[in-house]
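Following: one structure in structure tokens, then a few remarks.
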Amino acid sequence: MVCLGNICRSPMAEGILRHKAKEKGLHIEVDSAGFEPYHSGDCADSRAIATAKKYGIDINDIRSRTFKYEDFKKFDKIFVMDNRNYTDVMRVAKSDTDRQKTDFILNITHPGENRMVPDPYYGGNTGFENVFEMLDRACEKFCEKAACL
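Counting from 880, one number per residue, gives the positions in the sequence shown under this note's numbering.
The structure is reproduced here in structure tokens:
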């Protein structure tokens, strides 16, 4: 899961997917990262933590980190939140295999539309709630597909 600072969208997505996978008995590794290092090592935004907690998901243990090339080797899918994240990930990719692993997370629920998950940082609590709902639907559908594999 990749967003800009790895304190809002991607930690929520990581927490949601981990939670849903565990509930469904899926054994998958989930992580998140960002491209701006100024939050490196920080906890998720308090509003992201509060929103996830409201739905029984604890993201207190997630610490911001910077996306690195090795993530392509470690993970089968790289989900991005918006166009900028997509461009950043593509800039790091070294092969077609790397590029093929990368997709917009909302393409899970809206195939081929490259819809963006808006950054809720300046959107107040409502923004975090809306983002959580988008990510929750996408992660649910991802788990449904993964269970069929």
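For glycine and all other residues, C-beta sits at the position ideal for the given N, C-alpha and C.
Who are the near neighbours of PHE1007 in its chain, counting only those whose CB is closer than 7 Å to its CB and skipping five residues on each side?
-> ARG926, ALA927, THR930, PRO999
Evaluate GLY904 with the Cβ neighbour count: other Cβ atoms within 10 Å of its Cβ, from every protein chain shown; 16 or more gives buried, anything less gives exposed.
-> exposed
Looking only at C-alpha atoms, which of ASN1004, GLY935, GLY920 sits nearest to LEU896?
-> GLY935
What are the boundary residues of the alpha helix (DSSP H) that includes ILE895?
-> 888 to 902
How would you write the range of the alpha helix (DSSP H) that THR981 sits in, first residue to last?
-> Segment 981 to 983 is the beta strand (DSSP E) holding THR981; no alpha helix (DSSP H) there.
Take every Cβ of the segment 1004 to 1024, pair it with every Cβ of the segment 965 to 977, and state whether three or more of those distances are shorter than 8 Å.
-> no
DSSP three-state call for CYS1018: helix, strand or coil?
-> helix
Have a look at ASN939, ARG942, ASP975 and flag the residue whose alpha-carbon is nearest the alpha-carbon of LYS952.
-> ASP975
Can you give, in chain order, each stretch of the beta strand (DSSP E) that sits fully within the segment 925 to 958 and has at least 3 residues?
-> none
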